[in-house]
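Trainee:
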Amino acid sequence: MLTSVVMPCLNERGTLETSLDSLRLGSGGHGGGHAIFILVDNGSTDGTLDMMRAIKERAAPGEIIVCEEPVKGYVPARSRGIAAAADIAREQNVEADNLLIIQVDADTLYDPGYVAAMQAVASTQSKNVMLEGTTHPPHQFLKGHPGFVNLANETDAALEDWIADDSADVVIDDKVSGFFYSAYLDWGGHQRDYDRNGHEIFAETSRLFLRGKRTGAQRVRVDTASAAPSRRKILRNPVRHFATAGFPRNNAWWREWNGRNSGVRDLATFEASDPQLALNAAVRTRQAHIVGLFWLLPMLVQQICAPGGDDFKRGPGSRERAGPISNDTLNNPGALLEQVLRKVDEWSADVYFSPTELGPDVRDRLYFTLP
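Just so you know, we're using our numbering here: the sequence shown kicks off at 951 and counts up by one.
#1: What three-state label does DSSP hand PHE1303 in the structure shown?
#2: Using a threshold of 9 angstroms, state whether the C-beta atoms of ARG1164 and GLN1141 are closer than that.
#3: Tell me the DSSP bridge mates of LEU1049?
#4: Hey, ALA1218 and TYR1060: beta-carbon distance below 9 angstroms or not?
#5: Just grab the DSSP bridge partners of MET957 for me.
#6: Going by beta-carbon coordinates alone, are ALA1035 and ILE1005 separated by less than 9 angstroms?
#7: Am I right that VAL1126 and ALA1072 are in contact with their C-beta atoms under 8 angstroms? What's the rounded C-beta distance?
#8: Assuming ALA1114 and TRP1245 are in contact, meaning their beta carbons sit under 8 angstroms apart, how far apart are those beta carbons, in whole angstroms?
#9: Along the chain, which unbroken stretches of the beta strand (DSSP E) at least 3 residues long are found entirely within the region 1135-1193?
#10: Quick check: is the beta carbon of VAL1170 nearer than 9 angstroms to any beta carbon in chain D?
#11: Which of the three DSSP states is assigned to VAL1121 in this structure?
#12: If we ignore side chains and look at the alpha-carbon of each, how far apart do VAL1214 and GLU1206 end up?
#13: If you follow the alpha helix (DSSP H) that GLY1242 is in, where does it begin and where does it stop?
#14: Name the DSSP beta bridge partners of VAL1016, please?
#15: Please report the residue range of the beta strand (DSSP E) in which SER1127 lies.
#16: For SER977, which of helix, strand or coil comes out of DSSP?
#17: Could you tell me the alpha carbon to alpha carbon distance between GLY1162 and HIS984, rounded to whole angstroms?
#18: Going along the chain, which residues of its own chain have a beta-carbon closer than 8 angstroms to the beta-carbon of PRO1321, five neighbours each way excluded?
#19: For GLU1221, which of helix, strand or coil comes out of DSSP?
#20: With distances taken from CA atoms, which of PHE1220, ASN1043 and VAL1054 is nearest GLU1104?
#21: Closer than 6 angstroms by C-beta to ILE1275: which residues in its own chain qualify, once you throw out the five before and the five after it? Chain order, please.
#22: With 16 other CB atoms within 10 Å as the buried threshold, where does GLN1226 fall?
#23: Since THR953 contacts ILE986 with CB under 8 angstroms, what's their CB separation in whole angstroms?
#24: Excluding the 5 residues preceding and the 5 following PRO1305 in the sequence, name in chain order all residues of the same chain whose CB lies nearer than 7 angstroms to its CB.
#25: Whole-angstrom Cβ separation of PRO958 and VAL990, contact assumed at under 8 angstroms?
#26: Could you check how far apart the C-beta atoms of GLY1128 and ILE1052 are, in whole angstroms? I think they sit under 8 angstroms.
#27: Rank GLY1063, LYS1183, ASP1116 and LEU1316 by C-alpha distance to the C-alpha of TRP1297 and give the top, closest one.
#28: With respect to the beta strand (DSSP E) encompassing GLY964, which residues constitute its N-terminal and C-terminal limits?
#29: Identify the continuous beta strand (DSSP E) that holds VAL1079 and give its terminal residues.
#30: Is the region 1039-1047 close to the region 1143-1158, with three or more CB pairs under 8 angstroms?
#31: Name the two residues that bound the continuous alpha helix (DSSP H) containing ALA1067.
#32: Given this structure, state the Cα-to-Cα distance separating ILE1032 from SER1223, to the nearest angstrom.
#33: What residue range does the alpha helix (DSSP H) around ASN1201 cover?
#34: Take the Cβ of TYR1024 as the centre, count every other Cβ of all protein chains shown within 10 Å, and call the residue buried at 16 or more, exposed below.
#35: Would you check if the distance between the CB atom of ASP1119 and the CB atom of ARG1169 is smaller than 9 angstroms?
#36: Answer with buried or exposed for GLN1253, where buried requires no fewer than 16 other C-beta atoms within 10 angstroms of its C-beta.
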């Protein structure tokens, strides 16, 4: 099995080398589990590309590949890196179902043995799987901003009964994901999707996996592969990150939400004795995102994959295994995500929205049917 670790970079000079070293040295020496590291510069202006080339010069021959992708965006950059991985596989006569793609970010620190852990689990799975590692807050952030972490944990814990089982979850964290190249091709590769207003819909790996559900693709959690993502986005805009539960929403969404919800926006507010009072709108919006992305979305996918079955709707813990499907709703996962996010926004704008007070017997009132 050939493993290619694809890392897109845009102005990541300050974090690139540390992140890469955490992957390369994670198993005790260079090679990081015998992987090829593909660095994709996405038009950096801070010297990132020069740093990439310097790292390549110091590395063993063939260990580091440097690519450039002039079209800005995660989809073009990730696609360019995966295409480079496919070229290497062809040169080495490696079949598509023996090429493992591991997606990483240049501002994330990966725990020791990350690559090897992903490889070990991949070697025991079918080729039609999406691998996903785990994440944890950096220790420094936990120590410096316990209020933010505590409020997030408390909000999410109160919705535990709403959250789908791992096996049903379809929201994938791009930076800790992996898949075989053959599956990537079968699923249609990374694609750009836009909402009805022309704004790009992000979460490219989640959308890739949603298309994969057409073929019965399964999600496999790799608990032994963990990472500490950067908290730059939280430090830059803590309320936005908190309100969306970390799910990427476009700037137009934030401008609309920010204009509709007045109040404090600084990180210090989370450290108050009762932050929920000042952050009520953000808490409600986070609740809406949790319910929408981790209850409604997987419920809809379950119903598409298993028409006629409503066990999942009434009991989010259902573990039914999905098989290949013909319903073409998942051919356009961007539209499905947009519809769910519109429902999320409807809930978050409703000051009476309180999912913690709704038991399983009345949850159908939040449900809407796909057209």
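Beta carbons: idealized from backbone N, C-alpha and C, even for Gly.
Mentor: Let me spell this out:
#1: PHE1303 falls in the coil class under three-state DSSP.
#2: For the 9 angstroms CB-CB criterion, ARG1164 and GLN1141 do not form a contact.
#3: Assignment of beta-bridge partners to LEU1049 by DSSP yields LEU952.
#4: The answer is no: Cβ separation not under 9 angstroms.
#5: Its beta-bridge partners are LEU989.
#6: Annotated as distal: ALA1035 and ILE1005, with beta-carbon spacing of 9 angstroms or more.
#7: Contact between VAL1126 and ALA1072 fails: their C-beta atoms lie close to 13 angstroms from each other, not under 8 angstroms.
#8: 6 angstroms between Cβ atoms; contact.
#9: Whole beta strand (DSSP E) segments, 3+ residues: 1168-1178.
#10: Structure shown: chain D not included; a single protein chain is present.
#11: If DSSP states are grouped into helix, strand and coil, VAL1121 belongs with coil.
#12: A direct Cα-to-Cα measurement between VAL1214 and GLU1206 gives close to 16 angstroms.
#13: That residue, GLY1242, is in no alpha helix (DSSP H); it is neither H nor E in DSSP.
#14: When DSSP reads this structure, VAL1016 sits in a beta bridge with LEU989.
#15: Following the DSSP letters along the chain, one finds SER1127 inside the beta strand (DSSP E) bounded by residues 1127-1130.
#16: Low per-residue confidence applies at SER977: pLDDT is 46, beneath 50, and the placement is therefore not dependable enough to give any value.
#17: In a straight line, the C-alpha of GLY1162 is about 27 angstroms away from that of HIS984.
#18: Because PRO1321 carries a pLDDT of 41, less than 50, the predicted location of this residue cannot be relied on, and no value is offered for it.
#19: Here DSSP, grouped into helix, strand and coil, assigns GLU1221 to helix.
#20: Ranking PHE1220, ASN1043 and VAL1054 by Cα distance to GLU1104 puts PHE1220 first.
#21: Residue placement at ILE1275 cannot be trusted, given a pLDDT of 42 that sits under 50; the coordinates are not used to answer.
#22: Exposed, since its Cβ has fewer than 16 Cβ neighbours within 10 Å.
#23: A Cβ-Cβ distance of about 7 angstroms is found for the pair THR953 and ILE986, placing them in contact under the 8 angstroms criterion.
#24: Taken in chain order, the residues that qualify are LEU1109, TRP1112, GLN1237 and VAL1241.
#25: Indeed, because the Cβ distance is near 5 angstroms, the residues count as touching under 8 angstroms.
#26: A Cβ-Cβ distance of about 4 angstroms is found for the pair GLY1128 and ILE1052, placing them in contact under the 8 angstroms criterion.
#27: Comparing alpha carbon positions, the residue from GLY1063, LYS1183, ASP1116 and LEU1316 closest to TRP1297 is LEU1316.
#28: That residue, GLY964, is in no beta strand (DSSP E); it is neither H nor E in DSSP.
#29: For VAL1079, the uninterrupted beta strand (DSSP E) run begins and ends at 1079-1085, by DSSP.
#30: Using a Cβ-Cβ distance cut-off of 8 angstroms, the region 1039-1047 and the region 1143-1158 are not in contact, since fewer than three pairs of beta carbons, one from each stretch, lie closer than that value.
#31: Taken as a continuous stretch (DSSP letters only), the alpha helix (DSSP H) holding ALA1067 covers 1064-1072.
#32: Whole-angstrom Cα-Cα distance: 47 angstroms.
#33: Taken as a continuous stretch (DSSP letters only), the alpha helix (DSSP H) holding ASN1201 covers 1201-1210.
#34: That one is buried.
#35: Cβ atoms of ASP1119 and ARG1169: closer than 9 angstroms.
#36: In the assembly as shown, GLN1253 is a buried residue. Its beta-carbon has 16 or more other beta-carbons within 10 Å.
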